[in-house]
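Some notes on the structure that comes next.
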Amino acid sequence: MSIATESQRRILTTHVGSLPRPDSLSAFMVAHMDGQVVDPAKYADAVKRAVADCVAYQVDNGIDIISDGEQSKPSFYAYVHQRLGGIQRRTGSPQGRTHTKELDAFPDFYTAGHSGTQPAGFECIGPMTYAGTDLLKTDLDNLKAALTGRKPVDVFIPAASVATVEGAVVDRHYNNEEAYLAAIVEAMRVEYEAIVAAGFSIQLDDPRLAMHYMLNPEMTVKQAQAWARRRVEAMNESVRNIPADRIRHHTCYGINIGPRTHDLEMKHLTDIILSIKANYYSFEYGNPRHEHEAGIWEGVKLGDGKALLPGVVTHASVLVEHPELVAQRIVRFADVVGKEHVIASTDCGFASSPRAVPEVIPSIVTAKLQSLAEGAKLASKQLFG
């Protein structure tokens, strides 16, 4: 099977990457993050078993294009401190952002600080290098082992984009934006290329592309677009040696179950997203703040093999979408860009951290993925007969 072949006969399903971790693995991970001594063999075994179970879970619940669930990572971005040389955890008590567009508008709601308000947890203090070869090899080996006897349509591994690393790691070494972006490009492309060389697709996790506008209260839409275009240039450079058909791009507005009135509208991002060297584009659509945006893709011509991956179930609500609603959302996008150019996905990942109480508990995640799969079947019947 291949994505191109299967997309000619049915609507495929996927998700954004992170899925709930077993409690036993979360306990190991949190202890390790807190600097406690953990048994490395037991920790490694817990990760390996979690990846195997996660792969089976996705296939059993009707997901066609799967990942390792990010079971080995403390988060989609914080894992880079284990993989990059020249960086360290920030010392002292760095202050978080005192305000964002959302915080300013709804201070009574965002009392505890929600998505995008965390301070960068790391700092670059020397030349940035890729130092995570052994950790990455373990991830690749665990996923290969977990796939034994299973044949999903495709398998991807998420990795932090250039802009994600820039936002997570404060530059204390280069003191020059262009030099710092170039250093991130050269370090992270080692990971990207190794993932693809191992036979997997790469997903560039890039929420900051959409969120930068909200995070900066004084920023205009035009300024946010200029900022995003420069980061896309850097991101394209980081995947210069990878074929576009092995690249997915994901952007979103974070794990934010809130008002969301300051999300940058997709109409301001479509041309920027389509300039990314990738065949697959993942973004939010399944929540009420963005469900009206299908029409903005009207007239967009997607080339052969390219597809949009709109979220048709959301992480931003614990309500479980009815399969018929999921099908309606899929058909709406199929009517706009063509049924062969739509893959049904989720708005974002479902397991942002092993430490906190999950925003969406595992049983609800399962129900949402099942609804996603059932909705795709209903849409396929309507669209393909």
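Just add 70 to wherever you are in the sequence shown, counting from 1, and you've got our numbering.
Cβ coordinates follow ideal geometry from the N, Cα and C atoms, glycine included.
Continuous alpha helix (DSSP H) stretch holding Val225: start and end: Taking the first residue of the sequence shown as position 1, residue 225 is located at position 155. Bounds of any alpha helix (DSSP H) do not take in Val225; it lies within the beta strand (DSSP E) bounded by 224 to 230.
Look at Val382 and Ser415 and say whether their C-beta atoms are less than 8 Å apart. Sequence index remark: in the sequence shown, residue 382 carries index 312 (1-based). Sequence index remark: in the sequence shown, residue 415 carries index 345 (1-based). Judged by beta-carbon spacing, Ser415 lies within the 8 Å limit of Val382, meaning their Cβ atoms are closer than that value.
Report yes or no: do the segment 113 to 127 and the segment 78 to 97 share at least 3 C-beta pairs separated by less than 8 Å? They touch, by the three-pair rule.
By alpha-carbon positions, which one of Phe420, Cys124, Arg299 ends up nearest to His338? Stepping through the sequence shown from its first residue, residue 338 is reached at position 268. Checking every option, the nearest Cα to that of His338 belongs to Arg299.
Return the CA-CA distance between Ser231 and Pro177, expressed in angstroms with no decimal places. Position 161 of the sequence shown, counted from the first residue, corresponds to residue 231. Position 107 of the sequence shown, counted from the first residue, corresponds to residue 177. Near 30 Å, if we compare the C-alpha coordinates of Pro177 and Ser231.
Could you give the residue range of the alpha helix (DSSP H) that holds Ile434? Residue numbering aside, residue 434 sits at position 364 when the sequence shown is read from its first letter. Looking at the DSSP string, the run of the alpha helix (DSSP H) that includes Ile434 is 432 to 454.
Spatial neighbours of Gln158 in its chain, beta-carbon cut-off 7 Å, leaving aside the 5 residues before and after: For the purposes of this step, residue 158 is identified with residue 88 of the sequence shown, where counting begins at 1. Cβ within range, chain order: Phe192, Glu193, Ile195.
For Arg330, count neighbouring C-beta atoms within 10 Å of its own C-beta (all shown protein chains included) and say buried if the count is 16 or more, exposed if not. Taking the first residue of the sequence shown as position 1, residue 330 is located at position 260. By the 10 Å Cβ count, Arg330 comes out buried.
What three-state label does DSSP hand Thr161 in the structure shown? Position 91 of the sequence shown, counting from 1, holds the residue named residue 161. Here Thr161 sits in coil by DSSP.
Tell me which same chain residues have a C-beta within less than 6 Å of the C-beta of His282, skipping the five on either side of it? One-based indexing of the sequence shown puts residue 282 at position 212. The residues Ala294, Trp297, in chain order, have a CB closer than 6 Å to that of His282 in the same chain once the five nearest residues on each side in sequence are set aside.
Neighbourhood of Glu368 by C-beta, 6 Å cutoff - its chain only, sequence neighbours within 5 removed: For the purposes of this step, residue 368 is taken as the residue at position 298 of the sequence shown. Annotation for Glu368: Val406 place their beta carbon closer than 6 Å to its own, counting only its chain and skipping 5 residues before and after.
Does the beta-carbon of Pro313 have 16 or more other beta-carbons within 10 angstroms, so that it is buried, or is it exposed? Numbered from its first residue, the sequence shown carries residue 313 at position 243. Exposed is the call here.
In terms of DSSP beta bridges, what is Ser352 paired with? Along the sequence shown, read from residue 1 onward, the residue named residue 352 stands at position 282. Its beta-bridge partners are His320, Leu379.
Taking the Cβ atom as the reference point for each residue, do Pro393 and Arg91 lie within a distance shorter than 8 Å? Taking the first residue of the sequence shown as 1, we reach residue 393 at position 323. Taking the first residue of the sequence shown as 1, we reach residue 91 at position 21. The answer is no: Cβ separation not under 8 Å.
C-beta contact flag for Ala443 and Leu89 at 8 Å: If you number the sequence shown from 1, residue 443 lands on position 373. If you number the sequence shown from 1, residue 89 lands on position 19. Not in contact: Ala443 and Leu89 (Cβ atoms no closer than 8 Å).
Delimiting residues of the alpha helix (DSSP H) encompassing Asp93: Translated into positions along the sequence shown, residue 93 becomes position 23. Run containing Asp93: 93 to 103, per the alpha helix (DSSP H) assignment.
Counterpart residues of Ala521 in DSSP-defined beta bridges: As shown, the chain starts at 71 and ends at 455. That puts residue 521 outside it, with no answer to give.
With a cut-off of 8 Å on the beta carbons, I'd call Asp222 and Ile135 a contact; round off their distance for me. For the purposes of this step, residue 222 is taken as the residue at position 152 of the sequence shown. For the purposes of this step, residue 135 is taken as the residue at position 65 of the sequence shown. Sequence check: residue 222 is Pro here, not Asp. Rounded, the Cβ-Cβ distance is 6 Å, consistent with contact.
So which of Ala201, Arg359, Val125, Ile73 has the shortest CA-CA distance to Ala216? Taking the sequence shown and counting its residues from 1, one reaches residue 216 at position 146. Nearest C-alpha to Ala216: Val125.
Using beta-carbon positions only, say whether Ile272 and Ile325 come within less than 8 Å of one another. Translated into positions along the sequence shown, residue 272 becomes position 202. Translated into positions along the sequence shown, residue 325 becomes position 255. Not a contact, by the Cβ cut-off of 8 Å.
Leaving out the 5 sequence neighbours to the left and right, which residues in its chain are closer than 6 Å to Ser185 when beta-carbon positions are compared? Walking along the sequence shown from the start, residue 185 turns up at place 115. Bear in mind that a pLDDT of 48 at Ser185, under 50, signals an unreliable position, so the model cannot answer this.
Thr290, DSSP secondary structure in three states: In the sequence shown, residue 290 corresponds to position 220, counting from 1. Assigned with DSSP and collapsed to three states, Thr290 falls in coil, not helix or strand.
Other residues of its chain near Ala229: CB distance less than 8 Å, five sequence neighbours each side excluded: One-based indexing of the sequence shown puts residue 229 at position 159. The residues are Met258, Glu261, Tyr262, Ile265, Ile272, Gln273, Leu274, Asp275.
Starting from the Cα of Leu154, find the closest Cα among Phe403, Thr199, Tyr147, Lys143 and give me that residue. If you number the sequence shown from 1, residue 154 lands on position 84. Answer by Cα proximity: Thr199.
In or out: Val107 buried (at least 16 other Cβ within 10 Å) or exposed? Against the sequence shown, residue 107 aligns to sequence position 37. The residue in question, Val107, is exposed, as its Cβ has fewer than 16 Cβ neighbours within 10 Å.
Buried versus exposed, by CB contacts within 10 Å (16 or more), Asp130: Here residue 130 refers to the residue found at position 60 when the sequence shown is read from its first residue. Here Asp130 is exposed. Its C-beta has fewer than 16 other C-beta atoms within 10 Å.
Please give the ranges of any alpha helix (DSSP H) in the segment 249 to 275, keeping only runs that are unbroken, at least 4 residues long and fully inside the region. At a cut-off of 4 residues, not a single continuous stretch assigned as alpha helix (DSSP H) sits fully inside the segment 249 to 275.
Can you tell me whether Ser72 is buried or exposed, with buried defined as 16 or more other CB within 10 angstroms of its CB? For the purposes of this step, residue 72 is identified with residue 2 of the sequence shown, where counting begins at 1. Exposed is the call here.
Please classify Pro144 as buried or exposed, where buried requires at least 16 other C-beta atoms within 10 Å of its C-beta. Here residue 144 refers to the residue found at position 74 when the sequence shown is read from its first residue. By the 10 Å Cβ count, Pro144 comes out buried.
Output yes or no for whether 8 Å exceeds the beta carbon distance between Val396 and Gly328. One-based indexing of the sequence shown puts residue 396 at position 326. One-based indexing of the sequence shown puts residue 328 at position 258. Contact: no.
Quick check: Tyr377 and Arg402, are their CB atoms within less than 8 Å of each other? Counting from 1 along the sequence shown, the entry for residue 377 is found at position 307. Counting from 1 along the sequence shown, the entry for residue 402 is found at position 332. It should be noted that the sequence gives Ala, not Tyr, for residue 377. Taking 8 Å as the cut-off, the beta carbon of Ala377 is found no closer than this to the beta carbon of Arg402.
Mapping DSSP to helix, strand and coil, what is Arg413? Locating residue 413 in the sequence shown gives position 343, where the first residue counts as 1. Per the sequence shown, residue 413 should be read as Ile rather than Arg. Assignment of Ile413 by DSSP, reduced to helix, strand and coil, places it in the strand class.
Contacts around Tyr149, its chain only, beta-carbon distance under 7 Å, and the 5 residues preceding and following it disregarded: Here residue 149 is taken as the residue at index 79 of the sequence shown, counted from 1. Within the same chain, Lys143 come within 7 Å of Tyr149 by CB-CB distance, once the 5 residues on both sides are set aside.
How far does the alpha helix (DSSP H) with Val107 in it reach, from first residue to last? The residue labelled residue 107 in the question sits at position 37 within the sequence shown. Per DSSP, Val107 belongs to no alpha helix (DSSP H) and is neither H nor E.
Closest Cα partner of Val225 within the set Ile317, Phe454, His360, Met336: In the sequence shown, the residue the question calls residue 225 occupies position 155. Across the set Ile317, Phe454, His360, Met336, the C-alpha of Ile317 shows the shortest separation from the C-alpha of Val225.
Beta-bridge pairing of Phe192 - partner residues as DSSP gives them: Mapped onto the sequence shown, residue 192 falls at position 122. Paired residues: Arg159, Val239.
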